[in-house]
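Offset between the sequence shown (1-based) and our numbering: plus 160.
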Amino acid sequence: MKWHERERWVALLTVMGAVCALWAPNIALASSDAADRARISQARAEADAVLATKQAECRQRFAVNDCLLEVRKEHRAVVDPLRKELLLLDDKQRKQRAADRTERIRAKTEAQNEAGSVALPAASGAASFGAAEAFPRATIRPKIRSMGPSASASEPAMTVETAAPVALPASAESDVPFTRKAVKTQPTGEGYQTLRVRQAEARRQSVLQKNAERDAKKPPAKPLPVPAP
161 MKWHERERWV ALLTVMGAVC ALWAPNIALA SSDAADRARI SQARAEADAV
211 LATKQAECRQ RFAVNDCLLE VRKEHRAVVD PLRKELLLLD DKQRKQRAAD
261 RTERIRAKTE AQNEAGSVAL PAASGAASFG AAEAFPRATI RPKIRSMGPS
311 ASASEPAMTV ETAAPVALPA SAESDVPFTR KAVKTQPTGE GYQTLRVRQA
361 EARRQSVLQK NAERDAKKPP AKPLPVPAP
């Protein structure tokens with residue numbers, strides 16, 4: 161498995177672990193929220209049934225309007241607290257969803273940044289290796305001198321000399337500094353392209369995270385007025 165593929169798998173596993181860590185507490189919160197909503201719905205249904213029964217009784221009396229006003233007042237005393245409790249549950253659910261989305265974006269951004277920090281040295285190393293291959297060092301070769309009678313006693317039997325530099329055309333010599341600079345400052349290859357993509361994705365995730373935090377700070381919408389039965 162290639163290095164960049166292994167780093168990709170590590171980043172994916174990191175994101176999955178963060179998501180699983182968020183799911184565990186959210187399951188308990190979702191269960192409690194569902195139980196509260198079921199309780200509120202049942203209490204509201206019972207209050208509506210009582211209201212309908214009392215309204216039918218009021219219509220059998222002489223002072224119908226006064227009786228209806230009284231039973232409606234009693235009904236509001238029961239359902240108003242239930243309505244407020246339901247609004248609190250809605251607001252809590254909205255904030256929890258915004259927090260979960262912000263946490264998922266943060267975990268994904270951290271995983272991508274970690275993978276990008278590993279890919280950058282790899283791309284730099286590849287560029288340095290390419291520069292070394294493009295400009296090899298001068299070779300050293302031994303030169304053996306004859307040991308005949310004409311050889312001077314003060315001269316050594318073996319000397320070492322460097323290989324003569326290869327002559328380049330004028331146009332090639334003028335392009336050498338630019339070529340070295342391009343190899344040094346412009347890394348290429350799949351690792352560099354992957355890094356660019358991850359950096360762009362990290363900037364996009366940062367914008368999404370700021371938007372989610374802004375949505376979480378918005379006040380909840382005001383409830384609609386209760387229609388008269």
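Beta carbons are placed, not taken as given, at the ideal position from N, Cα and C, and that holds for glycine.
Rounded to whole angstroms, how far is the Cβ of Q369 from the Cβ of T213, which I believe are closer than 8 Å?
Actually they are not in contact, since the Cβ atoms of Q369 and T213 sit about 53 Å apart, beyond 8 Å.
Can you name, in chain order, every residue of its own chain whose Cβ lies under 8 Å from the Cβ of K255, other than the five neighbours on each side?
A376
Considering only their Cβ atoms, is the gap separating I200 from L248 smaller than 8 Å?
no
Cα-Cα separation between S366 and D250, rounded to whole angstroms
27 Å
Using CA coordinates, which residue listed in R264, Q272, Q253 and A271 is at the minimum distance from S191?
Q253
Between the Cα of V239 and the Cα atoms of I265, G351 and V210, which residue gives the shortest distance?
V210
Which residue comes first and which comes last in the alpha helix (DSSP H) that contains A376?
E350 to A376
Where does Q202 land, buried or exposed, given buried means 16+ other C-beta within 10 angstroms?
exposed
Pick out whichever of R221, D208 and A259 has its Cα sitting closest to the Cα of R374.
A259
Exposed or buried, which one is K147 when buried takes at least 16 other CB atoms within 10 Å?
This structure cannot settle anything about residue 147, because the visible part of the chain is limited to 161 through 389.
With 16 as the cutoff for other CB atoms within 10 Å, does R358 come out buried or exposed?
buried
Determine the direct distance from the alpha carbon of E350 to that of A362, and round the result to whole angstroms.
18 Å
Backbone secondary structure at P379 - three-state DSSP:
coil
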